[in-house]
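Residue numbers (our numbering), protein chains in the order written: chain W, 9 to 342; chain P, 9 to 342; chain E, 9 to 342. Written below as structure tokens is the structure these notes are about.
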């Protein structure tokens with residue numbers, strides 16, 4: 009795949025500043041680009057490389073223009089345009105059809121003829137695999153599960169009973185959907201399991217990262233609405249509801265029956281306790297714990313800043329006496 | 009499956025207030041229940057739905073009685089009773105027997121004739137699979153491992169060398185039991201691996217959530233006693249000992265050689281460092297780090313509360329100077 | 009396997025104090041050792057067991073010598089020597105060769121004749137499996153991937169496109185290497201995926217723990233240099249670079265494009281945000297979040313200490329007003 013800069017500018021809707029006849033065949037970072045690459049500047053941390061990049065061209069904003077030797081493709085959102093450029097310059101991903109002879113597909117399952125089911129997949133009775141769906145090796149699709157059209161399960165994805173996955177959704181290896189939630193009633197001796205009999209409903213154009221887990225509802229469904237993007241090793245408990253177009257970074261945990269709004273962002277390692285309601289357009293910064301419902305859009309944080317260990321130890325011991333300090337200051341004021 | 013309210017009250021040991029002849033066939037939440045459902049009130053957050061629920065009956069405590077139109081099943085522990093009702097109204101889970109032709113079972117393995125081994129399972133020499141055990145697709149059982157009677161491995165569970173799993177235990181997909189602990193000795197250049205040669209001992213009636221990992225002991229065993237309940241994505245390091253009936257919520261990490269008592273509760277995202285001893289009946293709240301042994305039952309916490317990001321930034325910068333503030337206040341007092 | 013204490017002392021380079029003719033056949037802890045075991049003292053917490061151990065001999069430092077009845081193997085690094093003793097006394101791990109009939113190996117893949125590929129493995133076109141490599145059951149090796157000589161993938165390891173794994177590397181079950189990074193561009197409606205087209209480069213003598221995930225680069229590679237040791241359930245995002253001989257404990261998350269130096273140690277549950285640079289020889293203590301680059305070697309910490317919940321609640325509410333307190337004290341001083 010190669011395009012001239014003029015062709016690329018046209019496809020991206022960018023203003024070309026420079027020689028449109030130059031061909032490019034790949035995208036690379038400013039530091040690593042060579043003369044056949046197009047590069048981009050989206051994060052100001054990397055602006056210092058503009059002057060020395062060997063890229064054939066750089067995708068950048070009008071305000072970053074003119075600071076280096078490369079040809080330029082100028083537009084307002086270089087990050088998104090860089091993604092488009094990668095897509096335009098990459099060979100198309102091959103779509104396969106049929107069922108691998110080493111797959112175990114129940115006679116009562118429905119696999120669309122245009123779908124692909126790879127080796128070591130098991131598909132149970134009553135499951136439905138949509139048109140163009142791509143199931144990589146080792147996927148387990150339990151009885152009654154629905155996988156939407158053009159959805160891709162990369163490899164080793166497990167989808168348990170009573171789950172439905174929408175169309176054009178992408179699920180990475182090791183993901184478990186529909187496992188039992190952590191529902192336990194106390195007894196005199198210990199714990200009694202609450203049977204988990206709800207389902208999971210996953211919308212269209214969702215992405216779910218490697219080794220993420222999504223529990224089935226206890227009663228009713230765990231719901232992930234359309235366009236939600238979930239990173240690796242995220243834990244979504246039973247009956248959680250995630251609103252459309254919310255993005256959840258790696259290692260986040262969301263406890264049972266919590267409802268997250270639309271267009272929210274949860275940064276890496278954040279946690280949300282159970283039975284809360286989080287409004288639309290809420291951002292939670294990394295490793296913060298959300299312990300109460302949030303009714304207003306905005307950015308929320310918890311945690312202490314990083315310190316030298318010696319400094320931290322001196323301060324940490326004081327945190328245990330903070331209330332005492334407040335009282336002492338109040339006394340002094342009097 | 010359908011029962012009259014009179015039958016259900018009898019089975020649950022509840023006092024029936026209302027029409028015992030009404031049939032119910034499922035359990036649903038107060039909000040979602042219809043006329044053929046029984047519902048329950050266990051969490052006061054949902055009390056406001058009592059007045060408007062369309063459920064045929066509600067399982068609730070004496071003190072919540074009389075606040076809505078539905079028939080009532082009155083008893084002291086509605087949450088546990090709701091679990092029983094789900095069990096009574098659900099069709100029995102089918103138990104299968106035999107070995108799927110696509111499983112790879114070593115001639116030296118012993119699989120009880122009443123057990124089930126699904127496709128793409130591998131069972132090594134000397135492994136023993138107990139009566140009624142159910143191994144879903146893709147489970148890997150290494151040589152010498154024992155799986156107890158009526159234990160279920162849902163799918164894609166890996167049990168490595170020198171592990172024994174008790175009876176009536178439930179293990180969810182993606183779990184890894186018996187992986188090497190993180191044992192490293194420093195050398196001049198870097199790290200030298202300490203061979204991990206211990207085992208894992210898992211008791212009866214344990215539950216282990218999806219994608220949880222339990223390392224084998226370095227020497228001696230990692231031990232999970234009977235009735236322990238573990239949620240998804242929990243990490244249990246080498247030679248950890250978990251006392252009976254302790255419950256561990258999702259995303260908890262427990263470091264090597266730590267011993268947790270009986271009837272403890274570790275909330276989501278908590279962490280415990282290595283070589284500690286935690287007494288019985290200790291509760292650790294969410295995302296707290298335990299850095300010292302705990303000798304007394306009780307509830308323990310760490311962490312800062314969630315704030316608006318702007319407020320948090322103003323406060324967080326001060327946390328680095330907390331010790332200085334204590335000294336300053338001391339000076340003022342003088 | 010059995011050795012006399014004289015033979016063992018010779019192999020370990022230890023000074024023997026006691027009866028060199030005594031045979032030992034295994035290693036055990038001071039508490040659990042019997043008369044045929046050698047034990048060791050590496051952590052002072054366990055010194056109290058020296059007086060009562062029934063071990064045939066104890067590996068210990070000169071300063072711990074003479075405190076118990078056992079024979080002694082005296083040297084400077086008992087922890088490392090204990091690892092050596094385990095290795096000397098363990099039966100050799102069998103190395104297998106060939107391809108299991110239930111594996112699915114593409115005709116275009118190259119598997120060295122001395123390598124082993126177990127059941128339910130899939131190996132794609134153009135993949136290369138090195139001499140002596142051991143692939144346990146259920147591993148998925150995508151087209152074009154390279155696995156180095158004598159590297160072991162224990163079971164159910166997924167290595168996706170464009171990854172190369174070095175020699176003598178050990179990867180535990182459930183690991184996913186080369187999954188897509190979390191690259192998203194905002195649009196008016198929600199999010200647009202940035203294609204992830206980079207690779208993963210993993211060096212020699214690396215260890216990667218169970219259910220850990222390592223994303224491919226967006227452009228260019230995610231790099232894990234030689235001798236890096238990674239525990240279970242660690243998340244390494246796209247384009248992260250980990251310097252040689254760095255050790256990363258369980259449940260750590262490292263965000264995209266961050267570069268960690270050589271000989272660093274990240275304790276369990278730590279997190280590092282994206283686009284940072286961490287110097288060599290940096291240690292981050294457990295569950296700390298690193299929010300800025302670190303230019304100097306040393307130990308860094310964040311977080312609050314564990315308290316009784318009642319004490320914590322009194323203090324935590326004050327943390328929200330810490331800035332106000334600083335201002336109040338400043339006023340008083342005036």
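Think of the CB as a built atom: it goes at the ideal place given N, C-alpha and C, for glycine as much as any other residue. These numbers come from a predicted model, not from an experiment.
Residue pairing by DSSP places residue 106 (chain E) opposite E:124 in a beta bridge. Contact annotation: residue 255 (chain P) and residue 124 (chain W) have beta-carbon atoms that are not nearer than 8 Å. Within the DSSP bridge table, the entry for residue 11 (chain P) names P:32 as partners. Beta-bridge partners of residue 298 (chain E) (DSSP): E:280. Considered as a whole, the stretch 177-256 of chain W harbours 184-187, 192-194, 199-201, 208-210, 221-223 and 230-232 as its complete beta strand (DSSP E) runs of no fewer than 3 residues, in chain order. Boundaries for residue 84 (chain W): no alpha helix (DSSP H) harbours it, and the DSSP string shows neither H nor E there. At a beta-carbon threshold of 7 Å, the residues of chain E lying near residue 53 (chain W) are 283, ordered along the chain. In the DSSP assignment, residue 111 (chain P) falls outside any beta strand (DSSP E) and carries neither an H nor an E. Among the CB atoms of chain W, one or more fall inside 8 Å of the CB of residue 219 (chain E). Of all residues in the stretch 305-322 of chain E, only 311, 312, 313, 314, 315, 316, 317 and 320 come within less than 7 Å of chain P when Cβ atoms are compared, listed by chain position. Listed along chain P is no residue with a C-beta nearer than 9 Å to that of residue 288 (chain W); the closest approach is about 17 Å. Where residue 48 (chain P) is concerned, the enclosing beta strand (DSSP E) starts and stops at 45-48. From the beta-carbon of residue 145 (chain E), the residues of chain P found nearer than 7 Å are 130 and 148.
Within the model, the alpha-carbon separation for residue 191 (chain P) versus residue 207 (chain P) is close to 14 Å.
Of the residues E:69, E:78, E:56 and E:34, the one whose Cα lies closest to the Cα of residue 228 (chain P) is E:34. By the neighbour-count criterion, in which 16 or more other beta carbons inside 10 Å mark a residue as buried, residue 56 (chain W) falls on the exposed side. Excluding residues up to 5 positions away in sequence, 174, 175, 176, 177, 234 and 235 lie with their Cβ nearer than 8 Å to the Cβ of residue 213 (chain E) in the same chain.
Residue 160 (chain E) has E:142 and E:178 as its beta-bridge partners, per DSSP.
Counting C-beta pairs closer than 8 Å gives fewer than three between the stretch 51-69 of chain E and the stretch 322-340 of chain P, which falls short of the contact rule. Considering only P:137, P:127, P:42 and P:276, the residue with the shortest C-alpha distance to residue 151 (chain P) is P:137. Here residue 50 (chain P) has 86, 87 and 90 as same chain residues with Cβ atoms under 7 Å from its own Cβ, once five neighbours each way along the sequence are excluded. Counted as a single uninterrupted DSSP element, the beta strand (DSSP E) harbouring residue 25 (chain W) occupies residues 23-25. Between residue 18 (chain W) and residue 32 (chain W), the C-beta gap is not smaller than 8 Å, which leaves the two residues out of contact.
The straight-line gap separating the alpha-carbon atoms of residue 78 (chain W) and residue 64 (chain W) is approximately 6 Å. When the alpha-carbon of residue 221 (chain W) is set against those of P:183, P:249 and P:319, the nearest one is in P:183.
Chain-order list of chain W residues neighbouring residue 300 (chain P): empty, with the shortest C-beta distance near 12 Å, by a criterion of under 9 Å. With contacts defined by Cβ atoms closer than 8 Å, residue 52 (chain W) and residue 299 (chain E) do not form a contacting pair. Secondary structure of residue 135 (chain P) (DSSP, three-state): coil.
For the 8 Å CB-CB criterion, residue 48 (chain P) and residue 68 (chain P) form a contact. Residue 21 (chain W) and residue 14 (chain W) have their alpha carbons spaced roughly 10 Å apart. Residue-level contact by beta carbon fails for residue 124 (chain E) and chain W, as no gap is shorter than 8 Å.
In the same chain as residue 92 (chain W), and ignoring 5 residues on each side of it, the C-beta atoms closer than 6 Å to its own belong to 20, in chain order. Residue contact with chain W for residue 161 (chain E): absent (no Cβ-Cβ distance below 8 Å to any residue of chain W). Between the alpha carbons of residue 272 (chain E) and residue 292 (chain W) lies a distance of about 28 Å. At a C-beta separation below 8 Å, residue 334 (chain E) has these neighbours in chain P: 326, 329 and 333. Taking C-alpha positions only, residue 226 (chain W) is separated from residue 247 (chain W) by approximately 7 Å.
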